[in-house]
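Asker: In terms of our numbering, the sequence shown is residues 163 to 428. We put the CB at the ideal spot given by N, CA and C, even for glycine. I have a structure here, written as structure tokens, and I will follow up with some questions on it.
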Amino acid sequence: MLNGEQAVLWATVLILPLSATVSHAESEEELAKKLANPVAALISVPFEYKYDQNLGPNGEGTQRTLVVKPVIPFSLNDDWNLITRTIIPYVWLDDVTPGNSSNGFGDIQASFFFSPKKPTSSGVTWGVGPILQIPTSSSNGLGRNEWGAGITGLALKQNGPWTIGLLGSHTWDIAGADTDQSDTFVQPFLNYTTPDAWTFVLNTESTYDWEADDWSVPINANVRKLVTLGDQRVSFTVGVRNWVKSSENGPDGWGLTLGATLLFPK
163 MLNGEQAVLW
173 ATVLILPLSA
183 TVSHAESEEE
193 LAKKLANPVA
203 ALISVPFEYK
213 YDQNLGPNGE
223 GTQRTLVVKP
233 VIPFSLNDDW
243 NLITRTIIPY
253 VWLDDVTPGN
263 SSNGFGDIQA
273 SFFFSPKKPT
283 SSGVTWGVGP
293 ILQIPTSSSN
303 GLGRNEWGAG
313 ITGLALKQNG
323 PWTIGLLGSH
333 TWDIAGADTD
343 QSDTFVQPFL
353 NYTTPDAWTF
363 VLNTESTYDW
373 EADDWSVPIN
383 ANVRKLVTLG
393 DQRVSFTVGV
403 RNWVKSSENG
413 PDGWGLTLGA
423 TLLFPK
């Protein structure tokens, strides 16, 4: 298994290609629309802070998660891109087990989308590829700490200010894991972007655990604003979510999301 220091090394290696030169050829509105497309050919580094509550057997625990999610596109040829999307979480748990606290890295997830550079004749953008779960959890309770792999895919359509789509994945345990894993993730999303680069986002991040026969379903409502700070394009996010269904000892009620995404357009 990988320890916390190795997880940091993974994160560094994955983010190193981001030494791109910033260009202002695209408007803030155009970049905001690209940001609504998970397989856009746009280098970005989102930082996301999530707060959830009412965890644990007594319903008094809290969870804070800082997630770094670098997105790096690669041009394979005239027709295809490879888009890498990596999720690197650091988690703080307080009173989830009554009287105890812990913090550390969770498991890293890396997705690889093979996506056509042009939409279909009906305007649909899509991508599909493998997903890899890397066992970087610092301790029990912060992640499965086991290798996993599966398939991920998405399809979306952009029409004027609107973006509507569906992102999904399924992950199984591999490499002789101690416990069975079979998880399906489904994220339908709807975005509306204004001419002055405000984006209003509605989505769910639903997970179904086939082994436990259990759903986790938060509904998220976020607002994003893309701005230019000096030479750097940044998108700021604030949002709330409500857990309409949660696993045993999981979060309940309302949660908070804050974020900032660094953009590196070519």
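(1) Jot down the residue ranges of each uninterrupted beta strand (DSSP E) in the stretch 324-363, minimum 3 residues, whole runs only, in chain order.
(2) Please identify the residue among Glu188, Leu197 and Ser189 whose C-alpha is closest to the C-alpha of Phe362.
(3) Would you mind working out which of Lys195, Val230, Val201 and Leu255 sits nearest Asp214, comparing C-alpha positions?
(4) Within the continuous alpha helix (DSSP H) that includes Ala194, where are the two ends?
(5) Are the beta-carbon atoms belonging to Thr369 and Thr399 less than 8 angstroms from one another?
(6) Three-state secondary structure (DSSP) at Asp256?
(7) Pull up the CB-CB distance for Ser206 and Leu424, whole angstroms please, since I reckon it's below 8 angstroms.
(8) To the nearest angstrom, report how far apart Ser344 and Ala337 are at their CA atoms.
(9) Can you say whether Pro208 is buried or exposed, counting buried as having 16 or more other CB atoms within 10 angstroms of its CB?
(10) For Trp405, is the classification buried or exposed, using 16 other Cβ atoms within 10 angstroms of its Cβ as the cut-off for buried?
(11) Provide the residue span of the beta strand (DSSP E) that contains Arg226, from first to last.
(12) How would you call Val233, buried or exposed, if buried means at least 16 neighbouring beta carbons within 10 angstroms?
(13) Give every residue of the same chain whose Cβ lies closer than 6 angstroms to the Cβ of Lys212, excluding the five residues on either side of it in the sequence, and list them in chain order.
(14) For Ile313, which residues in the same chain have their Cβ closer than 8 angstroms to its Cβ, ignoring the five residues on either side in sequence?
(15) For Thr341, count neighbouring C-beta atoms within 10 Å of its own C-beta (all shown protein chains included) and say buried if the count is 16 or more, exposed if not.
(16) With a threshold of 8 angstroms between beta-carbons, can Ile293 be considered close to chain D, or not?
(17) Who pairs with Asp371 in a beta bridge, going by DSSP?
(18) Less than 7 angstroms between the CB of Glu192 and some heavy atom of the ligand COA, yes or no?
(19) What number of angstroms, rounded off, separates the C-alpha of Ser284 from the C-alpha of Ala203?
(20) Along the beta strand (DSSP E) that carries Gly303, what are the first and last residues, could you check?
(21) Measure the C-alpha to C-alpha separation of Glu410 and Ser189 and round it to an integer number of angstroms.
(22) Measuring CB to CB, does Ala422 end up less than 8 angstroms from Val396?
(23) List the residues that DSSP assigns as beta-bridge partners of Asn404.
Answerer: In brief:
(1) Runs found: 324-335 and 344-355.
(2) Closest option to Phe362, Cα to Cα, is Leu197.
(3) Shortest Cα-Cα distance from Asp214 to any of Lys195, Val230, Val201 and Leu255 involves Leu255.
(4) That run of the alpha helix (DSSP H) goes Glu190 to Leu197.
(5) One thing to note: Thr369 has its Cβ no nearer than 8 angstroms to the Cβ of Thr399.
(6) Here Asp256 sits in strand by DSSP.
(7) The pair is a contact, with the Cβ atoms about 7 angstroms apart (cut-off 8 angstroms).
(8) One C-alpha to the other measures close to 14 angstroms.
(9) Pro208 should be labelled buried.
(10) With 16 or more Cβ atoms within 10 Å of its Cβ, Trp405 is classed as buried.
(11) It spans Gly223 to Val230 - the beta strand (DSSP E) in which Arg226 sits, taken as one unbroken run.
(12) Label assigned to Val233: buried.
(13) Cβ neighbours of Lys212 beyond the five flanking positions: Thr227 and Thr419.
(14) Excluding sequence positions up to five before and after Ile313, its CB lies within less than 8 angstroms of the CB of Val290, Gly291, Pro292, Ile293, Ser331 and His332, all in the same chain and listed in chain order.
(15) Thr341 comes out exposed.
(16) Of the protein chains in this structure there is only one, and it is not chain D.
(17) Asp371 is bridged to Asp345 and Asp376.
(18) For the structure depicted, the ligand COA is absent and the ligand set is empty, with no information on it obtainable.
(19) Taking the straight line joining both Cα atoms gives about 20 angstroms.
(20) DSSP places Gly303 in no beta strand (DSSP E); its state is neither H nor E.
(21) Roughly 45 angstroms between the two C-alpha positions.
(22) The Cβ atoms of Ala422 and Val396 sit closer than 8 angstroms to each other.
(23) Ile381 and Trp416.
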